[in-house]
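Asks: Under this note's numbering, the first residue of the sequence shown is numbered 846, with each subsequent residue one higher.
The structure's right below; bear with me while I get my questions together.
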Amino acid sequence: METITKDIRLATSKDTSLLALLGRITFRESHGGYIEDKTNLDAYLDRAFSFETTAKELSDDNNIYFIIYKNNFPVGYAKLVKNATSEFIYNHNICRLERIYVLEEFISQKFGIDLLNKTVDKAKELDFDIIWLSVYIKNIKAIKFYQKNNFETVGSISFQIGKKGYENPILAKKL
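Written out as structure tokens, the structure is:
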């Protein structure tokens, strides 16, 4: 039986290429099947997960990135955004779990819960009152995952890719 070691590390500027690639692959794995216009999907991936965009996000002090490894192999990441307000949450001391993605091959190995716990612990350490996120409405597995971990639906937004909007419930958790 294989011994599995899990390690979560704080990302640095040296991880820019890795995060851009992980972001691109995991977004396509989790959302690509829902987006009809693949040209719009490719344009979104090129913009959102370019080296330049990722480097800029990594250099922003409001963003905290974690990378999770299985036996020193990167399998996922999370992005926590400090002081990210939401029109659906009437509290100013909040943060956002903007991204939490695990490579499809490793989802069943519970890396997502490890990343979620790490980001929630960091939010508590930073004395935030609430953590919130958005998730695609057709991603039932993810919605159930968050609900199981005490997130509650507080609103809904439309996430644009190209000219098409995709409904995303907003979920929040008191810390």
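Cβ atoms here follow ideal geometry from the backbone N, Cα and C, with glycine treated the same way.
1. For E1012, name the three-state secondary structure that DSSP assigns.
2. According to the neighbour-count rule (16 or more other Cβ atoms, all chains shown, within 10 Å of its Cβ), is L855 buried or exposed?
3. Using only the alpha-carbon positions, how far apart do V999 and Y991 sit?
4. Can you have a look at I912 and say buried or exposed, based on whether 16 or more other CB atoms are within 10 angstroms of its CB?
5. When the distance is taken between beta carbons, is S1003 closer than 8 angstroms to E997?
6. On the three-state DSSP scale, how would you describe L1020?
7. Tell me the rounded alpha-carbon separation between A888 and E902.
8. DSSP puts A923 in a beta bridge; with which residues?
9. Pick from W977, Y879, Q1005: whose alpha carbon is nearest that of K1018?
10. Pull up the distance between the alpha-carbon of S931 and that of F973, whole angstroms please.
11. Within the continuous beta strand (DSSP E) that includes T998, where are the two ends?
Replies: So, from the data block:
1. For the purposes of this step, residue 1012 is taken as residue 167 along the sequence shown, with counting starting at 1. In this structure, E1012 counts as strand in the three-state DSSP scheme.
2. The residue given as residue 855 occupies position 10 in the sequence shown. Around the C-beta of L855, fewer than 16 other C-beta atoms lie within 10 Å, and the residue is accordingly described as exposed.
3. The count along the sequence shown starts at 1 and reaches residue 999 at position 154. The count along the sequence shown starts at 1 and reaches residue 991 at position 146. Cα to Cα, V999 sits roughly 13 angstroms from Y991.
4. Taking the first residue of the sequence shown as position 1, residue 912 is located at position 67. Buried, because 16 or more other Cβ atoms sit within 10 Å of the Cβ of I912.
5. As a working mapping, residue 997 is identified with position 152 in the sequence shown. As a working mapping, residue 1003 is identified with position 158 in the sequence shown. No. Outside cutoff.
6. Within the sequence shown, residue 1020 is the residue found at index 175, counting from 1. Coil, per DSSP.
7. To locate residue 888, count along the sequence shown from 1; it is residue 43. To locate residue 902, count along the sequence shown from 1; it is residue 57. Taking the CA atoms as reference points, A888 sits about 18 angstroms from E902.
8. Locating residue 923 in the sequence shown gives position 78, where the first residue counts as 1. DSSP, once it has assigned bridges, lists F911, I945 as partnering A923.
9. In the sequence shown, residue 1018 corresponds to position 173, counting from 1. If we check each option's Cα against that of K1018, W977 comes out closest.
10. Numbered from its first residue, the sequence shown carries residue 931 at position 86. Numbered from its first residue, the sequence shown carries residue 973 at position 128. Straight-line Cα distance between these residues: approximately 14 angstroms.
11. As a first step, residue 998 must be located in the sequence shown, where it is residue number 153. 997 to 1006 is the extent of the beta strand (DSSP E) around T998.
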